[in-house]
């Protein structure tokens, strides 16, 4: 991924000074004692471990890729001064846990590359489609669509993660939270990653064939947005907005799959979901604000700075407003709006308890959106099934 730090249109003095200092440190060669002392005096997550290859043995012999994959674990590089061990606020991006422990050692890097250890991603991709199916009145008669959307979400979220890691593999090696990803660490080759991406897309194709032609066409139209997403952080301070367009797309597909058309209520549901995604992904980006400043990556979390909590609150408020309008078009009844109350309270809790300097806190609030999605699904189910 190309790295060129570009100042915002009107950066704050503190942000300008921090970015200038960060760029100055990046120009120094890795391994310089002054370089590490300068960084460690300003941040807590960069250590000499950045200069080490976590897969290289003491002799310097990396060995075969298959051997590295078999012995690789995401925890490598975290001990004995490793960057993840040095800061408890940095949560590693890949972990061996749950069912992944039961996989053969050679298969684990591929499961981690697709983020199968992080189900929150496919939950967040799945919910907008499930909401649309429920709000359009299809949750009972077309329950099979919900299952197909779940399978498609798991496969295509995995495909998106593999593609993102292919594009960002060089950048990921420089960021504390992502440097242990299988492609960045060398556990999976670039050629193997492309093959794994193709296999996941084939599963997505099977799901696509279950849709009516109109819904399938809408689904295919998202591919350009998906392909462009990894590059957005190079050119805009709001890559989260682009992610909102991508991760909300299932709302359009789900509605079209049930009704064969796309009415204003479906568009409003999609619009509200975009702002929801911007909000929760801004929370997620709080984990990387210091690393992002060092390597010149932009994000809404960096752009908002100290105003991140009111910013997220504004995004969530816009989401609720558009969702409320969608509910009203489906069932023009004040009681329908009350169905949004549990979701609204959950979003208020997220903002009220968010601590922008605590990476673990931000990750927990981000992950809580899986439960928020369930609350929203219940609301859509109630309104959709009583209106049609």
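Residue numbers (our numbering): 938 to 1325.
Backbone N, C-alpha and C fix where the C-beta goes; we use that ideal spot for every residue, glycine too.
Remember, predicted model here, so these are calculated numbers, not experimental data.
Inset, instruction - Evaluate contact between the region 1192 to 1208 and the region 1231 to 1247, counting only Cβ atoms and requiring at least three cross-stretch pairs below 8 Å. - result: no
Legend entry - Touching by the beta-carbon criterion (3+ pairs, under 8 Å), the region 1050 to 1058 and the region 1068 to 1079: no
Inset, instruction - Pull up the distance between the alpha-carbon of residue 1129 and that of residue 1042, whole angstroms please. - result: What you label residue 1129 is simply residue 192 of the chain shown in a count that begins at 1. What you label residue 1042 is simply residue 105 of the chain shown in a count that begins at 1. In a straight line, the C-alpha of residue 1129 is about 16 Å away from that of residue 1042.
Inset, instruction - Quick one: which unbroken alpha helix (DSSP H) runs of 4-plus residues sit fully inside the region 1042 to 1104? Chain order, please. - result: 1045 to 1050, 1057 to 1072, 1080 to 1104
Legend entry - residue 1086 beta carbon less than 7 Å from that of residue 1217: Reading the chain shown from its first residue, position 280 is the one you call residue 1217. Reading the chain shown from its first residue, position 149 is the one you call residue 1086. In this structure, residue 1086 does not lie closer than 7 Å to residue 1217 by Cβ.
Inset, instruction - For residue 1077, count neighbouring Cβ atoms within 10 angstroms of its own Cβ and tell me buried if that reaches 16, exposed if not. - result: Start at 1 with the first residue of the chain shown, and residue 1077 comes out as number 140. The residue in question, residue 1077, is exposed, as its Cβ has fewer than 16 Cβ neighbours within 10 Å.
Legend entry - Pair within 7 Å by beta-carbon distance, residue 1120 and residue 1107: On the chain shown, position 183 is the one that residue 1120 refers to. On the chain shown, position 170 is the one that residue 1107 refers to. No, Cβ-Cβ distance for residue 1120 and residue 1107 is not below 7 Å.
Inset, instruction - Measure the CB-CB distance between residue 1067 and residue 1314 and report whether it falls below 7 Å. - result: The residue given as residue 1067 occupies position 130 in the chain shown. The residue given as residue 1314 occupies position 377 in the chain shown. Yes.
Inset, instruction - Specify whether the region 1282 to 1301 and the region 1244 to 1256 touch according to this definition: at least 3 beta carbon pairs, one from each stretch, less than 8 Å apart. - result: yes
Legend entry - Whole-Å CB distance - residue 1265 paired with residue 1273, under 8 Å assumed: Counting from one through the chain shown, the residue named residue 1265 turns up at place 328. Counting from one through the chain shown, the residue named residue 1273 turns up at place 336. With 8 Å as the limit, residue 1265 and residue 1273 qualify as a contact, their Cβ atoms being about 7 Å apart.
Inset, instruction - Look up residue 1159 in the DSSP assignment and say whether it is helix, strand or coil. - result: Position 222 of the chain shown, counted from the start, is the residue given in the question as residue 1159. Residue state, collapsed to three classes: coil.
Inset, instruction - Using three-state DSSP, classify residue 1011 as helix, strand or coil. - result: Position 74 of the chain shown, counting from 1, holds the residue named residue 1011. Low confidence applies here, because residue 1011 scores a pLDDT of 47, under 50, leaving its location unreliable and the question unanswered by this model.
Legend entry - Stretch-stretch touch, CB-based, cutoff 8 Å, three pairs: the region 1223 to 1234 with the region 1195 to 1214: no
Legend entry - Three-state secondary structure (DSSP) of residue 984: Stepping through the chain shown from its first residue, residue 984 is reached at position 47. Interpretation of residue 984 is limited by its pLDDT of 28, a score under 50 that renders its predicted location unreliable; the figure taken from the coordinates is listed afterwards. DSSP places residue 984 in coil when its eight states are reduced to three.
Inset, instruction - Under 6 Å Cβ to Cβ from residue 1307, same chain only, skipping five residues before and after it: list those, please. - result: Position 370 of the chain shown, counting from 1, holds the residue named residue 1307. For residue 1307, where only same-chain residues beyond five positions count, the Cβ hits under 6 Å are 1057, 1060.
Inset, instruction - Please state whether DSSP places residue 1118 in a helix, a strand or coil. - result: For this step, residue 1118 is matched to residue 181 along the chain shown. Residue state, collapsed to three classes: coil.
Inset, instruction - Drop a sphere of 10 angstroms on the beta-carbon of residue 1182, count the other beta-carbons inside from all chains shown, and report buried for 16 or more, exposed for fewer. - result: For the purposes of this step, residue 1182 is taken as the residue at position 245 of the chain shown. The residue in question, residue 1182, is buried, as its Cβ has 16 or more Cβ neighbours within 10 Å.
Inset, instruction - Determine, using beta carbons only, whether residue 1210 and residue 1188 come nearer to each other than 7 Å. - result: Within the chain shown, the letter at position 273 stands for residue 1210. Within the chain shown, the letter at position 251 stands for residue 1188. Going by C-beta atoms, residue 1210 is nearer than 7 Å to residue 1188.
Inset, instruction - Apply the 10 Å Cβ neighbour rule to residue 1143 and answer buried if 16 or more other Cβ atoms are within range, or exposed otherwise. - result: Position 206 of the chain shown, counted from the start, is the residue given in the question as residue 1143. By the 10 Å Cβ count, residue 1143 comes out exposed.
Inset, instruction - Would you mind working out which of 1208, 1176, 1270, 1277 sits nearest residue 1229, comparing C-alpha positions? - result: Along the chain shown, one-based indexing puts residue 1229 at 292. Considering only alpha carbons, the answer is 1176.
Legend entry - chain B within 7 Å of residue 1218, Cβ atoms only: Reference to chain B is not applicable here, since this structure consists of a single protein chain.
Inset, instruction - Go to residue 1185, then tell me how far its alpha helix (DSSP H) extends in each direction, as first and last residue. - result: Along the chain shown, one-based indexing puts residue 1185 at 248. Segment: none, residue 1185 is in no alpha helix (DSSP H) and carries neither H nor E.
Inset, instruction - Compute the beta-carbon to beta-carbon distance between residue 1137 and residue 1099, rounded to the nearest angstrom, for a pair I have assumed lies under 8 Å. - result: Counting from one through the chain shown, the residue named residue 1137 turns up at place 200. Counting from one through the chain shown, the residue named residue 1099 turns up at place 162. The pair is a contact, with the Cβ atoms about 7 Å apart (cut-off 8 Å).
Legend entry - Sub-7 Å separation of residue 1046 and residue 1132 beta-carbons: As a first step, residue 1046 must be located in the chain shown, where it is residue number 109. As a first step, residue 1132 must be located in the chain shown, where it is residue number 195. No, the pair does not count as a contact, with Cβ atoms beyond the cut-off.
Inset, instruction - Report yes if the CB atom of residue 1092 is closer than 7 Å to the CB atom of residue 1141, and no otherwise. - result: For the purposes of this step, residue 1092 is identified with residue 155 of the chain shown, where counting begins at 1. For the purposes of this step, residue 1141 is identified with residue 204 of the chain shown, where counting begins at 1. A contact, by the Cβ cut-off of 7 Å.
Legend entry - Extent of the continuous alpha helix (DSSP H) run through residue 1136: Here residue 1136 is taken as the residue at index 199 of the chain shown, counted from 1. Start and end: 1127 to 1145.
Inset, instruction - Please report the residue range of the alpha helix (DSSP H) in which residue 1224 lies. - result: In the chain shown, counting from the first residue as 1, residue 1224 sits at position 287. No alpha helix (DSSP H) holds residue 1224; DSSP gives it neither H nor E.
Inset, instruction - Please state whether DSSP places residue 1110 in a helix, a strand or coil. - result: Position 173 of the chain shown, counting from 1, holds the residue named residue 1110. Correct three-state label for residue 1110: coil.
Legend entry - Top-ranked residue by Cα proximity to residue 1278, from 1296, 1295, 1258: Counted from its first residue, the chain shown places residue 1278 at position 341. It is 1258.
Inset, instruction - Could you check the C-alpha separation between residue 880 and residue 1201 for me, to the nearest Å? - result: As displayed, the chain neither begins before 938 nor continues past 1325, which places residue 880 out of reach and without an answer.
Legend entry - Reference residue 1320; option with closest CA among 1263, 1145, 1215: On the chain shown, residue 1320 is found 383 positions in, with the first residue counted as 1. For residue 1320, the nearest C-alpha among the options comes from 1263.
Inset, instruction - Whole angstroms is fine: what's the gap from residue 1013's alpha carbon to residue 1104's? - result: As a working mapping, residue 1013 is identified with position 76 in the chain shown. As a working mapping, residue 1104 is identified with position 167 in the chain shown. Bear in mind that a pLDDT of 43 at residue 1013, under 50, signals an unreliable position, so the model cannot answer this.
Legend entry - Cβ neighbour criterion (16 or more within 10 Å) applied to residue 1317: By 1-based counting over the chain shown, the position of residue 1317 is 380. Buried, since its Cβ has 16 or more Cβ neighbours within 10 Å.
Inset, instruction - Rank 1159, 1249, 1283 by C-alpha distance to the C-alpha of residue 1212 and give the top, closest one. - result: Position 275 of the chain shown, counted from the start, is the residue given in the question as residue 1212. Comparing Cα-Cα distances from residue 1212 to each of 1159, 1249, 1283, the minimum goes to 1249.
Legend entry - Contact belief for residue 1300 with residue 1280 at Cβ below 8 Å, rounded distance in angstroms: Stepping through the chain shown from its first residue, residue 1300 is reached at position 363. Stepping through the chain shown from its first residue, residue 1280 is reached at position 343. Rounded, the Cβ-Cβ distance is 21 Å, inconsistent with contact.
Inset, instruction - Taking 7 Å as the cut-off, decide whether the C-beta atoms of residue 1174 and residue 1235 are in contact. - result: Taking the chain shown and counting its residues from 1, the one referred to as residue 1174 is at position 237. Taking the chain shown and counting its residues from 1, the one referred to as residue 1235 is at position 298. In contact: residue 1174 and residue 1235 (Cβ atoms closer than 7 Å).
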